[in-house]
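Shown next, in structure tokens, is the structure this report addresses.
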Amino acid sequence: MIRMGGGGARHGLLRQGQAAAAASACPFLALAVLLALLGLAAGDTHYYTFNVQMTNVTRLCVTKSIPTVNGQFPGPKLVVREGDRLVVKVHNHINYNVSFHWHGIRQLRNGWADGPSYITQCPIQGGQSYVYDFTVTGQRGTLWWHAHFSWLRVHLYGPLVILPKRGEGYPFPRPYKEVPILFGEWFNADTEAIINQALQTGGGPNVSDAHTFNGLPGPTYNCSSKGTFSGFPSGQCLLGLVGFVLDLTLATTALPDTYKLKVKPGRTYMLRLINSALNDELFFAIANHTLTVVEADANYVKPFTVSTLVISPGQTMNVLLTTAPNPASPAYAMAIAPYTNTQGTFDNTTAAAVLEYAPTTAAANLPLPALPLYNDTGAVANFSRNFRSLATAQYPAQVPQAVDRHLFFTVGLGTDPCPSNQTCQGPNGTKFAASINNNSFFRPRTALLEAHYQRRYAGVLLANFPTTPPHPFNYTGTPPNNTFVQHGTRVVPLSFNTSVELVLQGTSIQGAESHPLHLHGYNFFVVGQGFGNFDPVNDPPKYNLADPVERNTISVPTAGWVAIRFLADNPGVWLMHCHFDVHLSWGLSMAWLVNDGPLPNQKMLPPPSDLPKC
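Residues in the sequence shown are numbered consecutively from 20, following the numbering used here.
Encoded structure:
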């Protein structure tokens, strides 16, 4: 079936018994049924068009022209089913280069549709077009799409909802309604100018002016509402007050820049949460309500219930919200606020939205939920320990039990020397940098996947990425005196079907902080994590190899480590990077080069004819 704009087909699959009965009744009907079943098994095809254009948008009393998809901010919701084909034609009408990543889609053998600029494709230049054509295989849940060039994803992002195959349903009671909620950041200034200035001066970039719910900052910021907080003047934003409960007095009908989730009493809603913020991990809670986590990064988990959750940039989470049968208030506040241990500046504001049982025209006191303090690493660790895969017959946890390659990567910040002809604003007059195993990724001038497919590596990449730290030290203790990084476009080559165990070790260089690492082209299993330095003797026996959570993005704990395992069964060149865009800009990334297998279905697909040129 073909559907334009993401509409779903309306037919259902025949049961096997029904098909057999039809076959015995009539050979021609049997053939028709077989052909229909084969067609349905292939899934539907959904066509979308992305017109990337500049659009005037006003937030916080600031109107600016921003890149959007089809004039929407956030961008359009894409809806498919497991097994469907998605065809997205992108027309770039802006002056920036652009590319799009379908975050979490495995892109089996089809890295050409993955999207990171200069890794799997050259970017789409202004006035040019490119078609992303891929099939969603063996995945269902909440993912998302975003630009993957410079900091353009601050405005170019949207949800990608993958429904189960027809007739399968969820491994939990069907919710009354499903609602995507995207957490983001708003900058009054031009983000491209912000990061370009930071890279030039070597200092940290200016931070965002607000956090957002579905693109809306809510009533805690100047110009966002006429509401008041108890003890605060109208529009005063909440700075450094995470962990306190404040009364928000407002009329919910008069909040034009506030996201409102309208609900009915005694119903269960599935919130499809997406952290699309550039540089902030976020706490989230709803006053007087609990949330049951049922999915992480489009993988079902054993359900667990919390009052507050934390979600890192790049991560998605499906949670069930059961509303009160007899609510004491017509509305409740929802809130997000940052989690960080950075030594630099950050957007320490709280954004609010409204869970609305009924509209209120009169003032109503809406207490904000009590969120942890911004640096409460203990709260984050306690939340993270809850995640377990379902590990059932239908949704098994296929954890590699034997390991072919053991790798150990340090992840953290560093510095570059200041050029002799300028003054730099980084630590001690240097420039900020970031690295994995002290290698800061150098962006190539052509796409690595294309170079690999054509087997022309010279001058493009080196297959000598260090698989252990080149200079071991006390990673979470006193940092070394020399914090300069090396630069290079280096990859780790892997044979097809290699089972990999990777330990990601945080460092204290320029301050210990968490790093949300995202692996393109793969899911992985989080088999262990802890604080301090990884102990190769005592930590592996504590691994969870029975039901570890399966994800595509995981935060390396502040001053800690995380161990993941995956099977390299998807040929191509796949980026792995920190999903703090500031760290990505500083070079905190690397790539895996997974070679073809011996069989035809284990080899990369050929590139499409409209692949952009650099």
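Ideal placement from N, C-alpha and C gives every residue a C-beta, glycine not left out.
Cα atoms of N620 and E101: separation of roughly 20 Å, rounded to the nearest angstrom.
By the Cβ neighbour-count rule, V81 is exposed, with fewer than 16 other Cβ atoms within 10 Å of its own.
By the Cβ rule, the segment 325 to 341 does not count as touching the segment 219 to 226, because fewer than three pairs are nearer than 8 Å. When beta bridges are read from the DSSP output, Q72 appears opposite T87. Counting only the Cα atoms, A354 lies some 31 Å from N215. In the three-state reduction of the DSSP assignment, P183 falls in the coil class, being assigned neither a helical nor a strand state.
Comparing alpha-carbon positions, the option among N318, N307, P199 lying closest to L97 turns out to be P199. Residue ranges of uninterrupted beta strand (DSSP E) with 3 or more members, entirely inside the segment 516 to 553 and ordered along the chain, are 517 to 525, 534 to 538, 543 to 550. Rounded to whole angstroms, the separation of the alpha carbons of G530 and G433 is 10 Å. In the structure shown, the three-state DSSP call for E211 is helix.
Only residues of its own chain outside the window of five on either side were considered, and among them T429, N456 have a CB closer than 6 Å to the CB of P488, listed in chain order.
Of the candidates P631, A317, W170, W121, W170 places its Cα closest to the Cα of I85. Closest in alpha carbon position to L624, among L127, P386, P436, is L127. Taking a C-beta distance under 9 Å as the contact criterion, G549 and N563 do not qualify as a contact pair. Here DSSP, grouped into helix, strand and coil, assigns A217 to helix. Within 10 angstroms of the beta-carbon of E569 lie 16 or more other beta-carbons, which makes it buried. Comparing alpha-carbon positions, the option among R464, L521, F451, V519 lying closest to T502 turns out to be F451. In this structure, R509 keeps its C-beta atom at 9 Å or more from the C-beta atom of L468.
Along the length of the segment 298 to 372, whole beta strand (DSSP E) runs at least 3 residues long occupy 300 to 305, 310 to 315, 318 to 325, 327 to 330, 335 to 341, 350 to 358, reported in chain order. Residue state for E101 is assigned as coil, using DSSP reduced to three classes.
A453 carries a strand assignment under DSSP once its states are collapsed to helix, strand and coil. CA-CA distance, S533 to L274, rounds to 35 Å.
The C-beta of A296 has 16 or more other C-beta atoms within 10 Å across all chains shown, which makes the residue buried. Shown here, S169 sits in coil according to DSSP, grouped into three states, outside any helix or strand. Minimum Cα-Cα distance from A352 among the listed residues F206, F303, F92 corresponds to F303. The three-state reading of DSSP puts D395 in coil, since its state is none of H, G, I, E or B. Annotated as distal: A578 and V592, with beta-carbon spacing of 9 Å or more. By the Cβ neighbour-count rule, F460 is buried, with 16 or more other Cβ atoms within 10 Å of its own. Within the DSSP secondary-structure output, V109 pairs in a beta bridge with F69, Y149. Here DSSP, grouped into helix, strand and coil, assigns Q505 to strand. The segment 106 to 116 makes no contact with the segment 598 to 614: fewer than 3 CB pairs, one atom from each, lie closer than 8 Å. In the same chain as R159, and ignoring 5 residues on each side of it, the C-beta atoms closer than 7 Å to its own belong to E101, I181, L182, P183, A317, in chain order. With 16 or more other Cβ atoms from the protein chains shown falling within 10 Å of its own Cβ, C141 counts as buried. In terms of Cα proximity to H65, the closest of D615, M336, N571, T154 is T154. Excluding sequence positions up to five before and after P284, its CB lies within less than 8 Å of the CB of T342, A343, P344, N345, P346, Y376, all in the same chain and listed in chain order.
A400 sits in a helix when the DSSP states are folded into three classes.
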